[in-house]
Structure formats: C-alpha cells, structure tokens
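Asker:
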Amino acid sequence: MTTYSDPYASKTAWSLKLIVTEGTLDAPNNRSYVSWSLRLYRGDGSTPWNNAGTPFSVSGPGGVSGTFPAYRFGSTGSGTNYSGISVGGYVTIASGGDWVDHETDGSGSVNVSASHAAAATLGTAAIGTKTFGLTTLTQVPGVPDSVALAYSSDTQVNLSWNDTSESNGQPTTNQIQTSVNGGAFAQVASISAAESLVLTAAANRKIVARVRATNSEGSSSYSASSSPVYTTPAAPSGVNAAKDANLDISVAWTPHVAFTEHQHIVEHGTVTGGVTTWDGSALATVSSGVTSYKHIDPDPADVHVYRVRAKNTDTAGRQSATVLSNQVQLLAAPNAPTLPDLPSHVDKAEDFDLPWTHNAVDTTPQTAYEVEYSTNGGSSYTSTGKITSTTAEHTFAASTYAANVALTVRVRTWGEATSGGSDGTGASPWSNPDTVTFKTRPVATIISPEHSGEYVLAELTVELEFEQAESATFVSATIEVYSGATLLEQRESTTLAATVMDTRVENGETYSVKVTVLDSNGLVSDQVTATFDVAYTAPVAASVTVVYLSDSGVGQIGLTIPTPGVGEVEAAAVTIRRAIEGVSELVVEAYPASSPLTILDTTPTIYGENVYTVTTISADGATTEVEETLTTAEEEWAFMSAGAGFDQVIRFGGELKPQASPTVDSRLVKTAGRKRPIGLYAESGDLVVSGTGELVTGLGSSAEEVEAFLLIPGRKCYRDPTGRRMFGRITGQVSRDTYWLGSFTYTVAETS
C-alpha cells in the first residue's frame with residue numbers, strides 16, 4: 001500500500017490523499033488487482049467552512065471522475081456536516097480498482113493521479129502522476145515435453161526436450177532422471193536450464209529418460225518418459241551344438257542381454273576341408289527368453305557349425321558380436337584305429353590281448369570291429385570277420401602259436417554310420433600293421449639264500465640262476481626282501497652272481513626273498529620265493545671308556561675287546577659314531593679290531609654331552625652295540641682344529657666373549673603394479689662368529705703355533721665354552737705384547 005498526498009490550497013490543514021494497494025496476485029495469468037481510495041483528511045485546523053458540490057478525478061485502474069456532494073465543517077448549510085471528524089480522520093471521496101497486466105517477465109507498474117477542485121472554500125488539491133510498482137510475478141515452470149533420446153554411441157546418448165514454461169515461469173535448472181534396463185528412475189544430472197544434454201551410456205542398456213524444470217517457485221512435474229533407446233546388446237556365451245538320437249542338432253546358449261526387447265539370430269554353416277561356408281540367410285530368429293534352437297534334419301553327410309548373435313527389436317536393431325559353436329558331425333565312417341606300441345615279444349603261454357583306439361569322426365562309439373592277422377609278414381591275412389562289439393580289444397588264446405612265430409596284425413572299426421568309409425559299409429580304413437613274436441617266458445631260480453634253509457650271515461647276499469628256452473639273455477632282476485608281509489627293500493640288479501642287499505637280517509628272524517627276471521625279449525619271469533631262517537652268532541661287545549683331554553679338547557675312546565664267551569664270536573672290526581643333541585657323526589668306520597685300542601675324537605663338544613655308539617662287527621657281518629656318554633664342561637679354553645681328521649689343534653683362553661652374526665641372504669625386487677619392492681629371502685643364511693683370545697706361552701698355544709695353524713688349508717673346526725661347534729673358514733690376526741704374551745683376534749664363517 002502506498003499513500004500519495006497533496007494539501008488543499010486554501011486550507012492547508014486539510015489534505016487530499018490517494019491510497020493505492022496491490023491486492024490479489026494472479027501469477028498464472030500474469031496480473032494483479034490494484035485498488036485505490038481518494039480521501040479528504042482533516043488536519044489540525046478548526047475553522048468552519050461550507051462547500052458546495054465539487055468535482056474530483058482519479059486516473060488509474062478503475063479510475064473515475066465525478067462531483068463530490070456538498071459538504072461542510074462546523075458551519076451551517078445544506079451539505080453534509082463532517083465536523084465530527086477528528087484530527088487525522090478522513091472522508092472517502094471515491095474508491096475503485098481493477099486488474100493490471102504485468103510485463104512478460106512478471107514485473108509491472110501502474111501510473112495513478114488524482115485531483116479535487118474545492119476552490120470555494122478549501123482550494124484545489126492535485127496529486128500528480130505517480131508510478132506505483134507492482135510485485136514481480138513468478139510461477140512454477142511448465143512441464144517439459146517432447147522428451148527424446150537419440151543414440152550416439154555405446155558410451156553416450158543425446159537427450160533433448162522442449163521448455164513449455166510461461167514467460168514469468170522460466171526454469172533456472174532442469175533435473176534429469178533415467179531408468180536403465182527397466183529399473184527405477186534415478187537422477188543422473190541437475191543442470192542450468194537447457195533443452196539438451198549428453199548422457200553417459202554403456203553397452204547392453206535400455207535407457208528411458210524424463211525431465212522436470214525448477215525455479216524459485218518450485219518444480220514442475222516430471223515429463224512423460226521418453227521412448228527407450230537401446231545400446232548394443234551383450235553377446236551370448238557358451239554356444240554349444242549337440243546332436244540327439246534322431247540326428248537333429250540342438251543349439252543352446254547362455255543369453256546376457258539385460259532387457260527383453262531383443263532376439264537371438266541363429267546362423268548355420270558347413271565345414272569342408274577346414275573352410276566354413278555360411279548359409280545365405282539366418283537359420284532362425286529366436287525370441288527373448290528362449291535359449292535354444294533345434295535344427296531339424298540337417299544333412300548327415302556335412303560337418304555342421306553354428307553362430308549366434310543378439311539383436312535388439314527396435315528400429316535401429318543393433319546387434320552383438322557373433323559367437324561360434326563347436327562343430328558337429330552327424331554320421332561318418334571313423335578314421336583308422338590306432339594300435340599302441342606293441343611289445344616286440346609276448347609270452348606264448350599267455351593270452352595275447354590286442355588293444356586299439358577307435359577314432360570316431362562323428363563322435364559315435366565303436367559298434368563293431370574286424371581283425372586280420374598274418375604269419376608270413378603280411379603277404380596274406382586271415383580275418384576274424386566283422387565282430388559286433390563295443391570292446392576295443394581282441395584276444396588271441398594262449399598256446400595258439402609256437403615259439404618264434406611272428407604274428408602281424410591290423411584292425412578296422414565301425415561306428416554308427418552304415419555307409420561310406422573304406423568299403424561303403426561305414427568301415428574305417430585298416431590300422432597300420434604291427435608285429436609281435438611269441439617267446440617262452442624266462443625262469444628264475446634263487447640259489448642263495450636257500451629256500452627253507454638257514455642263513456648264517458647278517459649281510460644278505462642274493463645269488464640267482466637264469467634260463468630261457470630260446471636263448472634270450474639275462475637283463476635284470478627285481479629283488480624284494482620281506483619280513484612276513486612287510487616289504488623291507490626292493491632293488492633292481494643287473495647281476496646274477498651276488499647282489500648285496502642293504503637290509504641286515506636279524507639273528508633268529510625269518511625272511512623271504514622274492515625275485516623276477518627280465519630277459520632280452522622284454523619278458524618277465526614268474527616271481528619265485530625263497531623263505532629262510534637267520535641263525536648266526538653275534539660278536540663280543542667292546543668294553544668302552546671315554547676321557548676328555550683338556551689340553552687339546554679331544555675325546556679319547558679306549559676300547560678293550562674281550563675274548564668271546566659262549567654264544568659269541570670274535571670282533572673283526574669296530575665302527576664308532578658320536579651324537580651331539582641328536583645329530584650323529586661318524587668317528588671311525590670298520591676299523592680293524594684289536595685289544596686294547598685307542599681312538600681319538602678330535603671334534604667333540606667341549607661343553608655338553610657326547611654320546612658314543614660303539615659297534616663291534618664279526619667276520620660274517622653280525623653286529624653288537626654298546627653306548628657310552630662323555631659329558632664335558634670346559635670353561636676356560638677355546639679350541640680350533642684343522643688338517644686331516646682335524647688332528648692339528650690349537651687352544652687359547654682369556655675372557656672369551658665371542659659374538660655371533662647370523663644373516664639371511666635377501667634382495668629387493670621391483671615389480672610392476674607395486675609401489676614398494678618385494679623382498680626375496682633365501683631358505684638358509686650365514687653364521688659368522690668373531691672374538692678375541694689371549695695367547696700365553698706355556699699355558700696355551702704360542703703365537704707362532706697360531707700363525708702356523710692359520711696357514712693350514714681346508715675347513716677348520718671351532719669350539720668354545722658356550723658349547724658352540726662350527727666348521728668353516730677361519731681367519732685371524734696375532735699380536736704380541738711381549739715374547740710370552742699375545743692376543744688372537746679371529747673370525748669364523750660357517751660353511752658346509
């Protein structure tokens with residue numbers, strides 16, 4: 001509401017006022033209702049006056065002109081008396097109003113003016129032309145129409161629409177939603193007002209779009225959905241062709257199209273000499289939801305192949321790549337069967353089984369076969385005739401042929417085809433011929449150990465005889481040693497005279513030796529068995545004492561071998577092993593026995609347990625074991641040994657504090673796709689021990705002895721009071737403080 005005012009010329013305490021008000025707003029019609037009221041306002045004056053009827057005029061919406069009837073204020077006369085109007089009160093002269101159209105953008109204004117000519121008493125008041133501004137009208141945008149999608153590529157589609165908004169309802173943004181493959185609509189873009197947009201797409205999609213417009217007054221409804229646009233459909237997979245019992249071919253596939261508006265096109269071709277010729281038109285068009293097609297009565301003489309592709313059913317009809325099936329042969333004669341590598345010689349006393357492989361062209365199994373055989377090198381053949389059988393093997397009965405007869409054989413087969421092939425009946429060609437010669441199986445005889453006899457040695461030696469009727473030669477023997485049903489050892493031997501087995505037989509036990517022999521014809525004898533009892537006398541046990549020699553770190557093993565008693569025999573040799581923490585090492589092996597006997601162990605642990613196993617061995621290989629433990633607790637000295645048998649020893653002392661440095665070989669390798677390199681680590685590493693010892697002439701090794709020791713070539717042994725015992729390379733440095741006192745700095749690197 002706006003008030004415009006002008007005082008009367010004669011009585012300025014009174015004024016003419018025009019009150020202008022914008023009322024109802026009609027945005028859809030882009031107009032508003034403007035009303036006005038022309039009023040005579042009393043000021044603070046109180047002088048009476050009297051006016052006859054006077055003219056007035058209002059220019060504006062619904063403006064009027066007229067005469068205001070006679071009126072007076074505190075005076076006598078015939079006009080209406082307004083003396084009751086208080087200061088600030090008013091008398092309405094006229095009022096009115098009308099609809100005012102706005103500009104196309106919703107803005108607007110209206111000009112108003114008014115006058116009242118009361119010249120006789122009040123004087124004239126006039127309100128000149130005034131511009132009254134109107135509210136700018138904005139309405140909700142119109143619903144977009146003509147929404148359309150156009151295919152550009154499998155990665156983008158073009159969306160367009162028409163803006164239907166009124167001039168005072170123009171949108172500021174457009175919001176776009178799409179539905180993909182029949183799914184729910186989802187917003188994909190909100191853009192400044194426009195009428196087109198490029199949308200991202202992908203293959204194998206059905207896309208529908210809709211649009212709405214938005215401004216400060218709100219949003220329109222979404223438009224009607226566009227017609228769908230289709231990108232290239234997905235190709236099928238697993239296209240497979242298979243014939244059935246009626247010799248029809250079923251083609252099946254797995255579809256991958258994500259929408260229903262598609263079909264699959266099945267094409268057929270034939271293969272000749274590796275070249276495929278496709279039919280001039282599609283074999284079938286299959287609706288969505290169907291995943292197979294049966295090709296009825298294809299030509300059985302052809303090799304058939306198929307390919308399938310998906311195609312959209314819209315007018316664009318985009319198609320996927322084609323996917324090829326396997327080839328299918330209906331009925332055809334098989335290829336020649338394949339004989340395996342037959343043995344050159346077979347046992348005449350055994351059935352001779354002739355196997356082969358049926359080589360189908362049409363995948364049908366063997367239904368029959370025919371074998372031809374010749375004893376004159378293939379100059380002429382005898383036939384078995386056609387034998388109905390699915391078995392790919394024919395048996396020649398044992399003892400049919402004499403020794404040294406050479407039998408040449410060949411075979412042909414049938415599948416389900418009854419025509420074509422080598423003779424018009426569906427037969428395959430003949431296989432390549434092969435020849436076997438009948439021989440007599442060799443015979444093995446076990447000479448030793450004697451069957452059901454007593455074996456008097458701990459070391460088992462097997463002696464054999466060989467015989468073959470056609471003078472074939474001995475090639476090898478397979479020898480097995482059993483204790484009851486338990487196989488103890490198996491060995492291949494190329495000698496008949498004497499095969500020494502690893503198994504040592506125990507006194508009082510029963511064993512079996514089982515033997516087969518192989519001859520130069522490639523034939524193996526029947527297995528022969530010799531079961532025997534073991535009866536031998538064990539050697540006398542050694543009496544053992546072990547002493548630690550602290551000046552050299554050596555274990556001294558003293559042996560006394562008594563005279564054999566009842567049930568014992570003399571010891572011929574001695575073997576000694578030493579174990580440290582379960583790890584066994586050989587000290588001496590098969591050393592000639594004598595009594596007394598002293599053996600030196602030059603590398604025992606000097607801080608821990610050394611467990612010695614002393615085995616006396618008789619002349620016939622029988623053994624007796626005893627065990628003795630040497631416990632050492634060296635605390636002052638370290639030892640190094642070198643030379644043959646590690647028999648050259650030095651020792652040194654002092655405050656021994658050796659340091660160990662174990663390492664594992666590794667390296668870093670850069671690889672593609674990784675920001676950091678990969679560490680590669682070896683399965684084993686290195687161990688290095690270093691330390692310093694004192695050299696005191698007369699108490700340990702002298703500096704000269706240490707220097708000479710370091711010059712000895714080969715691996716050395718290091719032992720210290722921590723119980724550490726290492727074999728490897730030793731380097732060091734000798735320094736002298738006086739002629740009798742020095743120090744020794746050393747490094748030991750372990751090697752195998």
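Residue numbering for the sequence shown follows full-length UniProt numbering, beginning at 1 and increasing consecutively.
Beta carbons are placed, not taken as given, at the ideal position from N, Cα and C, and that holds for glycine.
(1) Could you check what DSSP says for G645 in three-state terms: helix, strand or coil?
(2) Spell out the partners DSSP gives W36 in its beta bridges.
(3) Would you kindly work out how many angstroms separate the C-alpha atoms of Y151 and N335, rounded to a whole number?
(4) Provide the residue span of the alpha helix (DSSP H) that contains F709, from first to last.
(5) Should W740 be labelled buried (16 or more other beta-carbon atoms within 10 Å of its own) or exposed?
(6) Please determine, among N158, N312, W161 and E636, the residue with the shortest C-alpha to C-alpha distance to P233.
(7) Going by alpha carbons, who is nearest to S192 out of V211, T200 and A186?
(8) Assuming G558 and P596 are in contact, meaning their beta carbons sit under 8 Å apart, how far apart are those beta carbons, in whole angstroms?
(9) According to the neighbour-count rule (16 or more other Cβ atoms, all chains shown, within 10 Å of its Cβ), is L586 buried or exposed?
(10) Determine the closest residue to L549 out of P28, A485 and E634, with distance taken between C-alpha atoms.
(11) Determine contact between the region 402-410 and the region 296-315, defined as no fewer than three beta-carbon pairs at a distance below 8 Å.
(12) Report yes or no: do the region 73-89 and the region 19-30 share at least 3 C-beta pairs separated by less than 8 Å?
(13) By the 10 Å Cβ neighbour count, where 16 or more other Cβ atoms means buried, how is P592 classified, buried or exposed?
(14) Closest to N215 by CA distance: which of T435, G142 and T54 is it?
(15) Taking the alpha-carbon positions, what's the V305 to G415 distance?
(16) So does S78 have its beta carbon nearer than 7 Å to some heavy atom of the ligand COA?
(17) Per DSSP, which residues does F438 bridge with? Please list them.
(18) Thinking V323 and V308 are a contact (beta carbons under 8 Å), I'd like their distance in whole angstroms, please.
(19) Could you tell me whether the region 711-727 touches the region 617-628, where touching means 3 or more Cβ pairs closer than 8 Å?
(20) What's the gap between the Cα of R667 and the Cα of V688?
(21) Quick check: the Cα distance between S287 and E261, rounded to an integer number of angstroms?
(22) Among residues of its own chain, excluding the 5 on either side of A749, which ones have a beta-carbon nearer than 6 Å to its beta-carbon?
(23) V411 and H345: beta carbons closer than 8 Å?
(24) According to DSSP, W414 sits in a beta bridge with which residue or residues?
(25) Taking T138 and G106 to be in contact with their CB atoms under 8 Å, please state how far apart those CB atoms are, rounded to whole angstroms.
(26) If I'm right that A349 touches R441 with Cβ under 8 Å, what's the distance once you round it to whole angstroms?
(27) Excluding sequence positions up to five away, which residues of its chain have a Cβ less than 6 Å from the Cβ of A498?
(28) Rounding to the nearest angstrom, what Cα-Cα distance links H394 and V371 in this structure?
(29) Taking the straight line between their C-alpha atoms, what separation do you get for T338 and T413?
(30) Among the candidates S325, A203 and S190, whose CA atom is the shortest distance from the CA of A252?
(31) Where does N376 sit, in a helix, a strand or coil, going by DSSP?
(32) Rounded to whole angstroms, what is the Cα-Cα separation between T425 and P300?
(33) Is the CB-CB distance between A402 and S525 below 8 Å?
(34) Kindly give me the distance between the Cβ atoms of G84 and S109, rounded to whole angstroms, as I take these residues to be in contact under 8 Å.
(35) For A27, which three-state DSSP category applies?
(36) What residue ranges within the region 550-620 form continuous beta strand (DSSP E) runs of no fewer than 3 residues, ordered along the chain?
Answerer: Let me spell this out:
(1) helix
(2) For W36, which the question treats as bridged, DSSP gives the partners V20 and G96.
(3) Between the alpha carbons of Y151 and N335 lies a distance of about 54 Å.
(4) First-last of the alpha helix (DSSP H) with F709: A703 to L710.
(5) exposed
(6) N312
(7) V211
(8) 7 Å
(9) exposed
(10) E634
(11) Using a C-beta cut-off of 8 Å, the region 402-410 makes no contact with the region 296-315, since fewer than three inter-stretch Cβ pairs fall below that distance.
(12) Put simply, the region 73-89 does not touch the region 19-30. Fewer than three CB pairs are less than 8 Å apart.
(13) exposed
(14) For the options T435, G142 and T54, the alpha carbon positioned closest to that of N215 is the one of G142.
(15) 21 Å
(16) Although the ligand COA was asked about, the structure shown includes no ligands whatsoever.
(17) V346
(18) Separation of the CB atoms of V323 and V308 is rounded to 6 Å, and the pair is thereby assigned contact status at 8 Å.
(19) no
(20) Bear in mind that a pLDDT of 49 at R667, under 50, signals an unreliable position, so the model cannot answer this.
(21) 9 Å
(22) V688, G728 and R729
(23) no
(24) A368 and A427
(25) 5 Å
(26) 7 Å
(27) T461 and E463
(28) 8 Å
(29) 10 Å
(30) Just measuring C-alpha positions, the residue of S325, A203 and S190 sitting nearest A252 is S325.
(31) coil
(32) 15 Å
(33) Contact: no.
(34) Not quite, the Cβ-Cβ distance comes to about 38 Å (not below 8 Å), so this is no contact.
(35) helix
(36) 554-560, 573-580, 583-592, 597-601 and 607-617
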